[in-house]
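Notes to accompany the following structure.
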Amino acid sequence: VLLVLIGLAAGFFSALFGVGGGIVIVPLLLLLAHFLQRPAMATSLAAIGIIAVAGTISYGFHGELKPGAAAIVGIPGAIGAIAGTALQQRLANRTLSLLFALLLFGIGLKLLV
Amino acid sequence: MWTIVLVVAIGLLAGVLAGLFGVGGGILFVPTLTLGLGLTQLHAEATSLLAIIPTVVAGTWRQQRYGNVRWRSALILGLAAIAGVEGGVQLAESLPQATLRRLFGALMLVVAAQVAFRTLHQDGRTGKARTASTLGAAKSAPPE
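Order-wise, the sequence lines are chains R and F. So the number in our numbering is just where the residue sits in the first sequence, counting from 1, plus 89. So the number in our numbering is just where the residue sits in the second sequence, counting from 1, plus 8.
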């Protein structure tokens, strides 16, 4: 039930503000569902995959996709993600949390101004 | 030419953030697509979702091998989020956007503080032993 609520909140806020669902899912998994950092972040990533597939299909029907442009950022994105997950395994939970808090803080500030 | 190099570099950075923190990367993809490649906001948001797919597949594949993915939770979160998107789209048209945006920004700052505060107050408990046992338990869980 908690996970359903977190998922609903993530989808809701990402539609309203165009922020990725992960920015909502990860802190809620950490604070409410008491996930540890790495499982929270990995599980969020998998959930975003499901959201992105659904979103792509729905936009695809409207013909708003630019596959070439998607490849230019998405393929480097995939390589970066492999590096990012490797880096994540080497960082302490504490460091990871603090860096993530910093990222949230930056996004919060950006939305605020 | 340099624009493409820059776009590729930002794509790479977005991927690192995605892998590192479990966020999608859309936060960097969307502005890159509009400013760098000249897409409209609507096309950029749609295309960003498509670009997130390879990023997330690569990240999740690695995380699966590290034993960190909880598939059942991910499925519940993902499906609920799709329902949430529908609700958000409906509401987005009837509510004052700027106010909501600021409120959400403020909420984000509170959450950031909360995450930082919790982390600083549990150093003793999330030591090496607990991390190791969690990883071990996760590895024995069945894939998918």
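Glycine is no exception: its CB is placed at the ideal position from the N, C-alpha and C atoms. Since the structure is predicted, the reported quantities are computational estimates derived from the model, not experimental observations.
Where T63 (chain F) falls, given that 16 or more other Cβ within 10 Å makes a residue buried: Reading the second sequence from its first residue, position 55 is the one you call residue 63 (chain F). With 16 or more Cβ atoms within 10 Å of its Cβ, T63 (chain F) is classed as buried.
**Prompt:** Hey, does S102 (chain F) have any beta-carbon neighbour from chain R nearer than 9 angstroms?
**Reply:** Counting from 1 along the second sequence, the entry for residue 102 (chain F) is found at position 94. It does not; no Cβ of chain R falls within 9 angstroms.
Quick one: does M116 (chain F) have its CB under 9 angstroms from some CB of chain R? Taking the first residue of the second sequence as position 1, residue 116 (chain F) is located at position 108. For M116 (chain F), the answer is yes, since a Cβ of chain R falls inside 9 angstroms of its Cβ.
Practice problem: With DSSP as the reference, label T48 (chain F) as helix, strand or coil. | Solution: What you label residue 48 (chain F) is simply residue 40 of the second sequence in a count that begins at 1. Coil.
Taking the alpha helix (DSSP H) that A143 (chain R) falls in, what are its first and last residues? Position 54 of the first sequence, counted from the start, is the residue given in the question as residue 143 (chain R). Taken as a continuous stretch (DSSP letters only), the alpha helix (DSSP H) holding A143 (chain R) covers Q126 to H151.
message: Rounded to the nearest angstrom, what separates I146 (chain R) and A59 (chain F) at their Cα positions?
response: As a working mapping, residue 146 (chain R) is identified with position 57 in the first sequence. As a working mapping, residue 59 (chain F) is identified with position 51 in the second sequence. If you take the alpha carbons of I146 (chain R) and A59 (chain F), they lie about 13 angstroms apart.
message = Please identify the residue among R:Q178, R:T132 and R:A158 whose C-alpha is closest to the C-alpha of T48 (chain F).
response = Taking the second sequence and counting its residues from 1, the one referred to as residue 48 (chain F) is at position 40. With distances taken between Cα atoms, T48 (chain F) lies closest to R:A158.
Subject >> Extent of the continuous alpha helix (DSSP H) run through S102 (chain F) >> reply: The residue given as residue 102 (chain F) occupies position 94 in the second sequence. No alpha helix (DSSP H) contains S102 (chain F), which DSSP labels as neither H nor E.
Straight-line CA distance for L117 (chain F) to S56 (chain F)? As a first step, residue 117 (chain F) is located in the second sequence; it is residue number 109 there, counting from the start. As a first step, residue 56 (chain F) is located in the second sequence; it is residue number 48 there, counting from the start. Their Cα atoms are separated by approximately 25 angstroms.
For this session: Check whether the stretch 161 to 173 of chain R touches the stretch 123 to 131 of chain R, counting contact only when three or more Cβ pairs, one atom from each stretch, lie closer than 8 angstroms.
Result: Not touching, per the Cβ criterion.
Margin query: With a threshold of 9 angstroms between beta carbons, is R183 (chain R) in contact with chain F?
Written below: For the purposes of this step, residue 183 (chain R) is taken as the residue at position 94 of the first sequence. R183 (chain R) counts as touching chain F.
For my contact list, A172 (chain R) and G27 (chain F) are in at a C-beta cut-off of 8 angstroms; report their separation, rounded to the angstrom.
Along the first sequence, read from residue 1 onward, the residue named residue 172 (chain R) stands at position 83. Along the second sequence, read from residue 1 onward, the residue named residue 27 (chain F) stands at position 19. Your pair A172 (chain R) and G27 (chain F) checks out as a contact, with CB atoms roughly 7 angstroms apart and the cut at 8 angstroms.
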